[in-house]
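Asker: For reference, the structure I am asking about is given below.
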Amino acid sequence: MARLLLLFFPGLVAIGTVHGIFMDRLASKKLCADDECVYTISLARAQEDYNAPDCRFINVKKGQQIYVYSKLVKENEAGEFWAGSVYGERPEDEMGTVGYFPSNLVQEQHVYQEATKEVPTTDIDFFCE
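Dropping the structure here:
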């Protein structure tokens, strides 16, 4: 009986496994509206198209609206990136996908809460499935 349980147990463990990769961090800190970075900071509109260079980023089309959740604190010569998700009504809008985009790509339309909380980034902020 014990052997039979051992044969089934590894299969159960494998079911819960998530496949992905931890990418390089773009920054060590981010600005958020709250300590957990769960509240929306603002709604912004893309001023031009942006093609994501890797899985940490999102594709954006000119005119799309984006909910902004955090703003990475610029370090050294790195660009300034914000995290958000595209808001759209069409399936091809990739609505709900969260990722980074250059801050100079958008213009904030409405600020819901000021991003005043400086929070350290974690590995999961740059995890790609």
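The numbering used here puts the first residue of the sequence shown at 3, with every later residue one more than the last. Virtual Cβ for every residue (Gly too), placed ideally from N, Cα, C.
Could you tell me the distance, in whole angstroms, from the CA atom of phenylalanine 83 to the CA atom of glutamine 115?
Answerer: Against the sequence shown, residue 83 aligns to sequence position 81. Against the sequence shown, residue 115 aligns to sequence position 113. Their Cα atoms are separated by approximately 18 Å.
Asker: Taking only three categories from DSSP, how would you classify leucine 107?
Answerer: Sequence index remark: in the sequence shown, residue 107 carries index 105 (1-based). In this structure, leucine 107 counts as helix in the three-state DSSP scheme.
Asker: Identify, in the order they occur along the chain, each residue of the same chain with its Cβ nearer than 7 Å to the Cβ of isoleucine 23, setting aside the five sequence neighbours on each side.
Answerer: Indexing the sequence shown from 1 puts residue 23 at position 21. Counting only Cβ-Cβ distances below 7 Å, and skipping sequence neighbours, we find Cys130.
Asker: Measure from the alpha carbon of glutamine 109 to the alpha carbon of each residue in Glu50, Ile126 and Ser87, then state which is nearest.
Answerer: Taking the first residue of the sequence shown as 1, we reach residue 109 at position 107. Comparing Cα positions, the closest option is Glu50.
Asker: With a CB to CB cut of under 7 Å and the five nearest residues on each side skipped, what residues in its chain are close to tyrosine 41?
Answerer: Here the question's residue 41 lines up with position 39 in the sequence shown. Correct list, in chain order: Ala35 and Gln115.
Asker: Since glutamate 120 and lysine 31 are thought to touch, with beta carbons under 8 Å apart, how far apart are those beta carbons, to the nearest angstrom?
Answerer: Numbered from 1 along the sequence shown, position 118 holds the residue referred to as residue 120. Numbered from 1 along the sequence shown, position 29 holds the residue referred to as residue 31. Correct: roughly 5 Å between the Cβ atoms.
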